[in-house]
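Participant: Take this structure, written in structure tokens, and hold onto it; I'll ask about it next.
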Amino acid sequence: YREREEELLRVQKEEQERRQRQIDQQRAIEAQLEKEGLSQQLDAAKKQSQQDQDALLAARLQAEEREKQVRAQYDALAATHREQQRNEEARTKARDRNPDTIKKEDGIWESFF
């Protein structure tokens, strides 16, 4: 009877160990799947982050290019304005030196006489 009981206990113990190994194996599989899922999520997050960084860089480059264009336009306008001021000063000086001149409608200076 005792041998049978020991055999039954041994079989039960082996069955418990087998079940525990199955549970451990299943947990390991679940952990791996979860890890892979997290890995996939991490990869997706990294990819999105890279895309966001690329978009930010592109936006910065566009902003820099636009700033260059605006500066060039401003510089051109400033140069035109300075030239207009110099021309106006030259006309004023010429008019002061020779009061007998008038400005015709087409912008050409002409003497009264």
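Sequential numbering from 1 applies to the sequence shown in the UniProt record's numbering. Note that beta-carbon positions come from the ideal geometry of N, C-alpha and C, so glycine has one too. Since we're looking at a predicted model, the values are computed, not measured.
Rounding to the nearest angstrom, what Cα-Cα distance links GLU5 and LEU33 in this structure?
Facilitator: Taking the straight line joining both Cα atoms gives about 41 Å.
Participant: Where do the N-terminal and C-terminal ends of the alpha helix (DSSP H) with TYR74 fall, by residue?
Facilitator: Start and end: 2-97.
Participant: Who are the Cβ neighbours of GLU67 in its own chain at under 8 Å, not counting the five residues just before and after it?
Facilitator: Closer than 8 Å at the Cβ level, and outside the excluded window around GLU67, lies no residue.
Participant: From VAL70 to LEU77, what distance separates their C-alpha atoms?
Facilitator: Distance between the alpha carbons of VAL70 and LEU77: 10 Å.
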